[in-house]
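Peer 1: Numbering (our numbering), first residue to last: -11 to 77.
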(Lines of atoms letter the chains of each structure in order from A and count residues from 1; the text may use other names and numbers.)
(Lines give C-alpha, C1' and ligand atoms only; values in the text may rest on other atoms or scores of the structure.)
Protein backbone atom coordinates (compact mmCIF):
# COMPACT_ATOMS: atom_id res chain seq x y z
CA UNK A 1 0.00 0.00 0.00
CA UNK A 2 2.87 2.41 0.66
CA UNK A 3 4.04 2.06 -2.95
CA UNK A 4 0.65 2.84 -4.54
CA UNK A 5 -0.08 6.12 -6.29
CA UNK A 6 -1.46 7.62 -3.09
CA UNK A 7 1.05 5.84 -0.84
CA UNK A 8 3.42 7.39 1.67
CA UNK A 9 6.57 6.33 -0.23
CA UNK A 10 5.56 7.95 -3.52
CA UNK A 11 8.10 10.80 -3.45
CA UNK A 12 8.01 11.01 -7.26
CA UNK A 13 4.23 11.67 -7.25
CA UNK A 14 3.82 8.91 -9.84
CA UNK A 15 0.15 8.11 -10.47
CA UNK A 16 -0.94 5.29 -12.72
CA UNK A 17 -4.05 3.11 -12.33
CA UNK A 18 -2.45 0.22 -14.23
CA UNK A 19 0.52 0.31 -11.85
CA UNK A 20 -1.79 0.24 -8.83
CA UNK A 21 -3.64 -2.77 -10.29
CA UNK A 22 -0.35 -4.59 -10.88
CA UNK A 23 0.63 -3.99 -7.25
CA UNK A 24 -2.60 -5.68 -6.20
CA UNK A 25 -1.80 -8.61 -8.52
CA UNK A 26 1.65 -8.90 -6.97
CA UNK A 27 0.16 -8.88 -3.48
CA UNK A 28 -2.26 -11.66 -4.42
CA UNK A 29 0.44 -13.86 -5.98
CA UNK A 30 0.61 -17.19 -4.16
CA UNK A 31 3.91 -18.52 -5.44
CA UNK A 32 7.31 -17.28 -6.55
CA UNK A 33 6.58 -17.70 -10.27
CA UNK A 34 3.39 -15.62 -10.03
CA UNK A 35 5.31 -12.95 -8.09
CA UNK A 36 8.01 -12.89 -10.76
CA UNK A 37 5.42 -12.47 -13.51
CA UNK A 38 3.68 -9.64 -11.66
CA UNK A 39 7.01 -7.97 -10.80
CA UNK A 40 8.07 -8.22 -14.45
CA UNK A 41 4.89 -6.47 -15.54
CA UNK A 42 5.46 -3.75 -12.95
CA UNK A 43 9.05 -3.33 -14.12
CA UNK A 44 8.02 -3.07 -17.78
CA UNK A 45 5.36 -0.47 -17.01
CA UNK A 46 7.75 1.62 -14.91
CA UNK A 47 10.47 1.49 -17.56
CA UNK A 48 7.97 2.57 -20.23
CA UNK A 49 6.72 5.44 -18.06
CA UNK A 50 10.10 6.68 -16.81
CA UNK A 51 11.00 10.05 -18.35
CA UNK A 52 14.44 10.52 -19.78
CA UNK A 53 16.56 13.33 -18.44
CA UNK A 54 19.99 13.23 -20.04
CA UNK A 55 22.66 15.67 -18.92
CA UNK A 56 25.75 15.85 -21.05
CA UNK A 57 28.15 18.18 -19.32
CA UNK A 58 31.01 18.24 -21.81
CA UNK A 59 29.25 20.82 -23.99
CA UNK A 60 26.50 21.61 -21.48
CA UNK A 61 23.85 19.86 -23.53
CA UNK A 62 20.61 19.45 -21.61
CA UNK A 63 18.01 17.07 -22.93
CA UNK A 64 14.72 16.27 -21.23
CA UNK A 65 11.76 14.16 -22.18
CA UNK A 66 8.50 15.82 -23.13
CA UNK A 67 6.93 13.73 -20.34
CA UNK A 68 8.28 16.10 -17.67
CA UNK A 69 8.33 19.82 -17.02
CA UNK A 70 10.11 22.25 -14.68
CA UNK A 71 13.54 20.62 -14.97
CA UNK A 72 16.03 23.31 -13.95
CA UNK A 73 19.77 23.77 -14.21
CA UNK A 74 22.04 26.14 -12.33
CA UNK A 75 24.65 28.35 -13.96
CA UNK A 76 27.20 25.61 -13.32
CA UNK A 77 24.87 22.95 -14.76
CA UNK A 78 23.68 21.36 -11.54
CA UNK A 79 20.54 19.43 -12.33
CA UNK A 80 17.63 20.46 -10.07
CA UNK A 81 14.74 18.02 -9.87
CA UNK A 82 12.86 19.37 -6.85
CA UNK A 83 10.11 20.99 -8.96
CA UNK A 84 9.86 18.40 -11.73
CA UNK A 85 6.38 17.11 -12.49
CA UNK A 86 4.92 14.76 -15.06
CA UNK A 87 3.12 16.44 -17.97
CA UNK A 88 -0.58 15.62 -17.83
CA UNK A 89 -1.79 14.10 -21.08
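We put the beta carbon where it would ideally sit given N, CA and C, even for glycine.
Going by the beta-carbon positions, is the gap between residue 59 and residue 39 smaller than 7 angstroms?
Peer 2: Here residue 59 is taken as the residue at index 71 of the chain shown, counted from 1. Here residue 39 is taken as the residue at index 51 of the chain shown, counted from 1. For residue 59 and residue 39, no; Cβs fall outside 7 angstroms.
Peer 1: Under the DSSP definition of a beta bridge, which residues are partnered with residue 56?
Peer 2: One-based indexing of the chain shown puts residue 56 at position 68. Beta-bridge pairing links residue 56 to 74.
Peer 1: Can you tell me whether DSSP reads residue 20 as helix, strand or coil?
Peer 2: The residue you call residue 20 lines up with position 32 of the chain shown. DSSP places residue 20 in helix when its eight states are reduced to three.
Peer 1: Determine the contact status of residue 7 and residue 35, defining contact as a CB-CB distance below 7 angstroms.
Peer 2: What you label residue 7 is simply residue 19 of the chain shown in a count that begins at 1. What you label residue 35 is simply residue 47 of the chain shown in a count that begins at 1. Taking 7 angstroms as the Cβ cut-off, residue 7 and residue 35 do not qualify as a contacting pair.
Peer 1: Whole angstroms are fine: how far does the CA of residue 37 sit from the CA of residue 70?
Peer 2: Counting from 1 along the chain shown, the entry for residue 70 is found at position 82. Counting from 1 along the chain shown, the entry for residue 37 is found at position 49. Whole-angstrom Cα-Cα distance: 19 angstroms.
Peer 1: Quick check on this structure: which residue in 49, -7, 26, -8 has the alpha carbon closest to the alpha carbon of residue 13?
Peer 2: Working through the chain shown from its first residue, we reach residue 13 at position 25. The residue with the shortest Cα to Cα distance from residue 13 is 26.
Peer 1: Tell me, please, which residues DSSP counts as bridged to residue 67.
Peer 2: Taking the chain shown and counting its residues from 1, the one referred to as residue 67 is at position 79. Paired residues: 61.
Peer 1: If we call anything under 7 angstroms between Cβ atoms a contact, is residue 52 one with residue 64?
Peer 2: Along the chain shown, read from residue 1 onward, the residue named residue 52 stands at position 64. Along the chain shown, read from residue 1 onward, the residue named residue 64 stands at position 76. Against a cut-off of 7 angstroms, the Cβ pair of residue 64 and residue 52 comes out as no contact.
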